Every structure is written in C-alpha cells, then in structure tokens.
Amino acid sequence: MWLAGIEWDEAVPKSILDEWLAYREELKLLETINIPRWVHTNVGDSVELHGFCDASNSAYAAVIYIRVIDSSGAINVSLLTAKTKVAPVKQVSIPRLELCGAVLLSRLILETARVLGIEKHNIRAWTDSTVVLAWINNHPSRWKVFVANRVSEIKSNLDFHNWSHISSKENAADAASRGLSPQELVKNSIWFNGSDFLRNRTINYEKPKEVTTNLEKVKSHCAVVEDGIWERFSSLTRMKRVIAYCKRFINNLSSEPNKRKRGYLTTQELTEAQNVCIKQYQAIHFKEEILLVKQKSNLPKGSKLRSLNPVMDADEILRVGGRLELSGLSRNQKHPILIPKKCHLTNLIIADAHKNTLHGGPQLMICYIQVKYWILGAKQSVRSYFRKCLTCAQNSPNTQTQLMGQLPAARVTPIRPFKCSGVDYAGPIQIRTAKGRGHKSHKGYICLFVCMATKAIHLEIVTDLSSQGFLQAFKRFVSRRGHCSDLWSDNATNFTGAANELKRLFLTENGSMLQEVAESVANNDCNWHFIPARSPNFGGLWEAGVKSVKYHLKRVIGQSTLTFEEMSTVLAQVEACLNSRPLSVIGGDSDDIMVLTPGHFLVGEPIVTPPDQNYESHTVNSLRRWQFTQRMLQDFWKKWSQEYLTKFLHRYKWSSVQPQPKVGDVVLVKEDGLPPRRWLYGRVIETHPGQDNLVRVITLKTKNETFKRPISKVCLLPIATE
Numbered sequence: 001m002w003l004a005g006i007e008w009d010e011a012v013p014k015s016i017l018d019e020w021l022a023y024r025e026e027l028k029l030l031e032t033i034n035i036p037r038w039v040h041t042n043v044g045d046s047v048e049l050h051g052f053c054d055a056s057n058s059a060y061a062a063v064i065y066i067r068v069i070d071s072s073g074a075i076n077v078s079l080l081t082a083k084t085k086v087a088p089v090k091q092v093s094i095p096r097l098e099l100c101g102a103v104l105l106s107r108l109i110l111e112t113a114r115v116l117g118i119e120k121h122n123i124r125a126w127t128d129s130t131v132v133l134a135w136i137n138n139h140p141s142r143w144k145v146f147v148a149n150r151v152s153e154i155k156s157n158l159d160f161h162n163w164s165h166i167s168s169k170e171n172a173a174d175a176a177s178r179g180l181s182p183q184e185l186v187k188n189s190i191w192f193n194g195s196d197f198l199r200n201r202t203i204n205y206e207k208p209k210e211v212t213t214n215l216e217k218v219k220s221h222c223a224v225v226e227d228g229i230w231e232r233f234s235s236l237t238r239m240k241r242v243i244a245y246c247k248r249f250i251n252n253l254s255s256e257p258n259k260r261k262r263g264y265l266t267t268q269e270l271t272e273a274q275n276v277c278i279k280q281y282q283a284i285h286f287k288e289e290i291l292l293v294k295q296k297s298n299l300p301k302g303s304k305l306r307s308l309n310p311v312m313d314a315d316e317i318l319r320v321g322g323r324l325e326l327s328g329l330s331r332n333q334k335h336p337i338l339i340p341k342k343c344h345l346t347n348l349i350i351a352d353a354h355k356n357t358l359h360g361g362p363q364l365m366i367c368y369i370q371v372k373y374w375i376l377g378a379k380q381s382v383r384s385y386f387r388k389c390l391t392c393a394q395n396s397p398n399t400q401t402q403l404m405g406q407l408p409a410a411r412v413t414p415i416r417p418f419k420c421s422g423v424d425y426a427g428p429i430q431i432r433t434a435k436g437r438g439h440k441s442h443k444g445y446i447c448l449f450v451c452m453a454t455k456a457i458h459l460e461i462v463t464d465l466s467s468q469g470f471l472q473a474f475k476r477f478v479s480r481r482g483h484c485s486d487l488w489s490d491n492a493t494n495f496t497g498a499a500n501e502l503k504r505l506f507l508t509e510n511g512s513m514l515q516e517v518a519e520s521v522a523n524n525d526c527n528w529h530f531i532p533a534r535s536p537n538f539g540g541l542w543e544a545g546v547k548s549v550k551y552h553l554k555r556v557i558g559q560s561t562l563t564f565e566e567m568s569t570v571l572a573q574v575e576a577c578l579n580s581r582p583l584s585v586i587g588g589d590s591d592d593i594m595v596l597t598p599g600h601f602l603v604g605e606p607i608v609t610p611p612d613q614n615y616e617s618h619t620v621n622s623l624r625r626w627q628f629t630q631r632m633l634q635d636f637w638k639k640w641s642q643e644y645l646t647k648f649l650h651r652y653k654w655s656s657v658q659p660q661p662k663v664g665d666v667v668l669v670k671e672d673g674l675p676p677r678r679w680l681y682g683r684v685i686e687t688h689p690g691q692d693n694l695v696r697v698i699t700l701k702t703k704n705e706t707f708k709r710p711i712s713k714v715c716l717l718p719i720a721t722e
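Mapping of the sequence shown onto the UniProt record's numbering: position 595 corresponds to residue 595, and the numbering continues sequentially without gaps.
So this is what it looks like as structure tokens:
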C-alpha cells in the first residue's frame, strides 16, 4: 500500500484488499504448526550449525539449523532460528541483495554460536550465489564501496573455508526470501526439517572450481612514485637515528667481529649521520655552487649564495663564508651550514626547532636555528610552519573579523526620538530602603533606553533582573517618551522573557488584567529585535551609553549607598548631562555657536544649559509659534544630517574584507566562561551573509549540538577541510 502511494484516508484498491482478506483467512492455519523445543542435544554429542542465505527482489533471509550426531551415529536436524529483511525500495541488484543476505547470515550464525558455545570449525554457511563466494574469496579493496564494506564484515565474522555452495533447489532459505502463504508454509517440510543432504553421514563441502567475478570491481590506475628514503621521516631525530643505524650496519659488515659496534648510538655516529643527510640535500639543490666552490671559482651573479661567500669545510659540507672569521663565536655560528629553502630537511629542522623551543614564536625559532644552520628564506618558512601548528592555534587563536557593516536604517533615518530604541542593563548598584541605621542595602540595576537616531538616553532604576521588573520599567519609559515601535536588545534572559510576555499580552484575551492596562499595552505594540548571541559589537550604541552612565556615577556617588529616591534623582541628572552632549565635533567657526545635542530633539535645546531670558510675558501668535517650532525641528534634522551622519562615513576599524568561513571549515568556538584552551571544536554547516553578501553569522555543528555564532567568536584552524 505504501509503495502504491495510497494515503491513510483513501480506500484500498480491490486487488490489494482481496489479497489481504485471503491472507487473513489463512492465518488460522498457523495454529496447526508445532515447533519442538528440544533439538536432540545430549552431553557428548557432535553439534554443528548450518546456515543458509538467499535473496529475491522482495526480501533477503537467513535461516540456521542445528545438526546433532549422537553416540549411536543417528543424525537429527532441527530449525533453530531465522531472520528476514524486506528488500530496499531503491532498486538494488540481485547479487547485492545476495550479499546482504550473507551479511545477515554471518551476524546471526555468529551470535547463535556464541550463545550455544559452538566452536567456529563446527559452523557452515551455505549460499547459492557464486558471485557472493567470489567477492568473499578476494580482498575487500578490490571491490566498490558497497561490496567492500559488507565483504569486510563477513570476513571478520567467518573465514572463507566456512562458506560452501549449494543449488537453489536445496537452499532452505529460498522460501523465506520469496515468501509463502500460511497454507504453503504448513506444507513446506524443507523449511522445518532442513535440506535432505544435512542427514547424510558425509556432506560435500566443495566449492566451484573457478570462483571469480569482475562484477563491482574497482577500476584503479596505480602510479608508483619513488621518493627515496629521505622523504619518509617525520622528525629530524628519527632521520638521524635511522641513517646512523644504517651506517653502523654497513660498517659492521666489513669489520672484524670484535670491532663491531653495538648498543646505543654515540654522539659521533649521530653527527656523521646528520652530515650525510645535509650533504645529500646540498648535492641536490646546490649542485652547481658546490662544483664552483671546489674549483675555487666565483659564483654567477644570479646565484642566491653569492652574497654569502660559501666555503667547503673538511666534511665537504657547504657553509656560509661571511665576515666573522676573527670573532670569538663558535665555528657553527661563524660559518653556519647552508640549507636549501624548500626541501624536506628544511621542514624537519624547523619542526625540531619549534619542538625544542617549546612551541616558541617565529623570532625565537629563527634565533635557535641560526646558531647552526643558515636556511635560505628562513623567515617565510618559519612563519608558515608556525601558522600551521595546531597547538599554537589553540593557545593563541585570532578570532575572525570582517568589513564593518552598514548602519541599520533606524540609525540613519530621521524619526521621532525613542520611536526606535535600544535597551540594556547596567549594574548592579546598591540601594537602601531608607536613611539611617538599620536599613540594609540591596541590589538594584539601571535600565538604559537609547534612541537609535538621536542617541538620546532614558534611564530607569529597577530592583531586580526579572521580566516583570523590566516590563514595569518599559511602561514608565513609554509613558514619558511615547510609543516605541521597534526595540533592540541583546539575548539576556530577562529581555527574552519580557519579549515573550509582551507577545502573550498582545495575542491573548488578557481576561485577568485590568481593562485600562490591557488597552495601554495593546496601544503600545512594539516589535522586538534581538542581536546575535554573544556579539556585543552589534549593540555598540547602548554599550557606549552604559559606559557613559558608569563614568558619571563613579565620579558623583563613588562608594556611597543612596536610597531609591536619591538614586532616581541622580540618574535623572546623569540623563540630562548625557542628553546635552554634542552629537558632532565642535567646530572653530564663531558664527555657528549652536552645537547639536540629543536635547535639541527632546526639548529644543540642551537640557543642561544656563538659564535664558523669560519670554512668558511676550505675546506670540499660536500659529506662528507652531510654525517656528517646526522650523526649528527641521533645522535640527538638517544639522543632524550634515554634521552627525557624516561621521559614519569612515571605518575606523575592520576596514578590509577578510577571507570568509566556508561550509566544511573546522573552527574553534570561543565560549564565555570557559578556561584557557577549552574552546569548542566546530564545523561550519551553513553561512548567513548580510545585505552586503559578507558572512557575519555562521551555523556550527559540534559533537553534541548545532548553534549559531557571529564570526567574531570563531577562529579558523589550519587543518584540512571537507
């Protein structure tokens, strides 16, 4: 029915319904089947397990019989266990299904033998597929992945000599793979009693003479590249020791028995082995220079060694000539050994220096190397190795940066103050319930609202970090500053809870709330936006506001503990000071003395300003006054566009496009609160580009979870990616 595409509420076709009804009626015949529990085993009897496997387009199956030979020579065969699996919906060839049946049999017969305590040499597996026998008879590497994986499992469970071939007529698993109706099953004696040949005293276990096949064979073209012994070493120490042992073996062959060297390698042997390695690489890379130095001829002008004035020492090793012959330095420092720029020996020397300097930096590694060696282009090679060191990358990771993004529309669009705002918490601060002795202080917090367009700040004091506490502060903010259509915040739990609470208030009936409160909340509908988790750079506007608030509080109250009323008064004064700060740089033009501040958009002038002349007694037409205030507001926004917005044309940091993480890259994830070197490993499974097509947030998959992080929290690792 599923293959036919029939939905759960559709009528079943008549052909399928008739087949099912006939099958259901025949199920009653299964009551007549009796399977004995005793399989005729006694102490001292010879017990064997014989398993059969088969496959068809419908299913593949395995069945196991136990063959018992008692002391009198009588043979009893009993059905022990069987298993059948439906063939995959995806079209699979019959040989592959036969192989799946063989895998099923190998698992089932191995488990049965373990439970019954039967030795492996008393196990026999039968199949009627010569292709399966050919696959099992060869190494898994010869076959394609599907066949290779299953052949490998079969060979690990059973040896090839445990398998035998049988004709399809004698295969007891044929009934299970093709399927039988209950009426046919009752009459099928070979299924319950096993194949007839199992009752013979002697069983023929021969296989076909030629068990070969080219089916599922891997077509490979082998190319043998001889790198020589020099490229096989992973460390400089290992190279020296192997070469030293080879030299000792050669010397011992030509020496008398009493003069042969044994035991540990001496310093002289290791030095001679190292000289052999150096001369080998110098002969490959400095062949022309060595010939000219031996002839005491000048090197050509294009040679990289010309400025080093190379010389040949007594061991025929090319060294730097230099100008330090009369210095008091050691021989290796005055005439360091020349090492080619790009070769395996160079990499081993750099790796050895990195290990011996305890993962030192490039400068330390170069100083260590130049005591004995002079590597051409050493600085570039050392830095390249240092950047690829996984341990160093884990201990000093550099998180990713990207070109500074575009400002959101809420920050560059003229709009009523506080209609688009950001919110954050500062604190904790200590608040007393009242003055005098005996009144303990408790924690309080400052809730900061900042206008996204004008940078105006509104401060509220709250007593705890709960959702209800923030909702009360939000209501006070909206009551005094007007409707807030969009609110941005980080992913703090109290903000998340407040957003969920507001959503619940907007979408439910609010039957338990006062009618006026419900109407007020509904009239102040607010869209809440969360910045990405663990990325405070997305909320720099309110982070800067928190910093400014702390700046004034530390200088005004210091370590003093104020009451709630006193703290509210101080915060109001701090708010007035912050809203009187200039939005742009104060110029030197004496004709333009007005500096634009957030207070101009709130009350028409800076809030903290000397008192001006009182114009209450002057008669001003109301219409003219309204037009005058509108003209002032338009002038403010014009000045805002000309002086304030132009500050954001520059990118003072993150001024270049960096390589972006790609899907499959392995990264370290910097999590807050973890100790050093306890970064999480993650693999990038999805990237999230912004409006400028630059990736700023990625989806990562670690061993236990999948989550999103900004690229400022990840570090690319110098290892291969998918």
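No residue lacks a Cβ here, since even glycine has one placed at the ideal position from N, Cα and C.
Keep in mind it's a predicted model, so treat the numbers as computed, not measured.
- For Ala173, there is no enclosing alpha helix (DSSP H), as DSSP marks it with neither H nor E.
- Taking the Cα of Ser584 as reference, the smallest distance to any Cα among Ile375, Thr454 and Gly690 is reached at Thr454.
- For Ile6, there is no enclosing beta strand (DSSP E), as DSSP marks it with neither H nor E.
- Shown here, Tyr264 sits in coil according to DSSP, grouped into three states, outside any helix or strand.
- Residue pairing for His458: DSSP places it in a beta bridge opposite Phe449.
- In chain order, Leu680 and Gly682 place their CB closer than 6 angstroms to the CB of Thr702, counting only its own chain and leaving out the 5 sequence neighbours on each side.
- Judged by DSSP in its simplified three-state form, Asp54 adopts strand.
- Counting the other Cβ atoms within 10 Å of the Cβ of Tyr551 gives fewer than 16, which makes it exposed.
- Contact between Thr32 and Val186 is confirmed by a C-beta separation of about 6 angstroms, below the 8 angstroms threshold.
- For Trp38, no beta strand (DSSP E) segment is defined, and its DSSP state is neither H nor E.
- DSSP places Ile166 in the coil class of the three-state scheme, outside both helix and strand.
- Between Leu133 and Trp191, the alpha-carbon positions lie close to 23 angstroms from each other.
- Taking C-beta atoms as the reference points, Gly322 and Lys341 fail to come closer than 8 angstroms.
- Distances from the alpha-carbon of Cys447 to those of Ser485, Glu575 and Arg432 put Glu575 closest.
- Boundaries of the alpha helix (DSSP H) around Pro598: Pro598 to Leu602.
- Taking 8 angstroms as the upper bound for CB-CB distance, Ile109 and Ala55 are not in contact here, some 16 angstroms apart.
- Per DSSP, the continuous alpha helix (DSSP H) segment holding Gly101 begins and ends at Ile94 to Leu116.
- The C-beta distance from Thr561 to Gln660 rounds to 50 angstroms, too long to meet the 8 angstroms contact threshold.
- Every beta strand (DSSP E) stretch that sits fully inside the segment 318 to 392 and reaches 3 residues is listed by chain position as 337 to 339 and 373 to 375.
- The three-state secondary structure of Asp18, taken from DSSP, is helix.
- Note on Gln559: under 16 other CB atoms within 10 angstroms of its CB, so exposed under the neighbour-count rule.
- The shortest CA-to-CA distance from Lys435 to any of Leu305, Met567 and Ala378 is the one to Met567.
- In this structure Phe474 is buried. Its beta-carbon is surrounded by 16 or more other beta-carbon atoms within 10 angstroms.
- For the 8 angstroms CB-CB criterion, Cys715 and Pro417 do not form a contact.
- Bounds of any alpha helix (DSSP H) do not take in Arg199, whose DSSP letter is neither H nor E.
- When DSSP reads this structure, Phe530 sits in a beta bridge with Ser489.
- Within its own chain, the residues whose Cβ lies closer than 6 angstroms to the Cβ of Gln282, once the five positions on either side in sequence are excluded, are Leu318, listed in chain order.
- The three-state reading of DSSP puts Met239 in helix, counting H, G and I together.
- Secondary structure of Gln658 (DSSP, three-state): coil.
- Using a 10 angstroms sphere on the CB of Tyr23, the tally of other CB atoms stays under 16, which defines it as exposed.
- Sixteen is the threshold: when 16 or more other Cβ atoms of the shown chains lie within 10 Å of the Cβ of Asp174, as they do, the residue is buried.
- The bridge partners DSSP lists for Cys246 come to none.
- The bridge partners DSSP lists for Thr706 are Lys701.
- The Cβ atoms of Asp9 and Asn42 do not sit closer than 8 angstroms to each other.
- Short of 6 angstroms from the beta carbon of Glu543, and not among the five residues preceding or following it, lie these beta carbons of its own chain, in chain order: Pro536.
- In this structure, Thr81 places its C-beta atom within 8 angstroms of the C-beta atom of Thr112.
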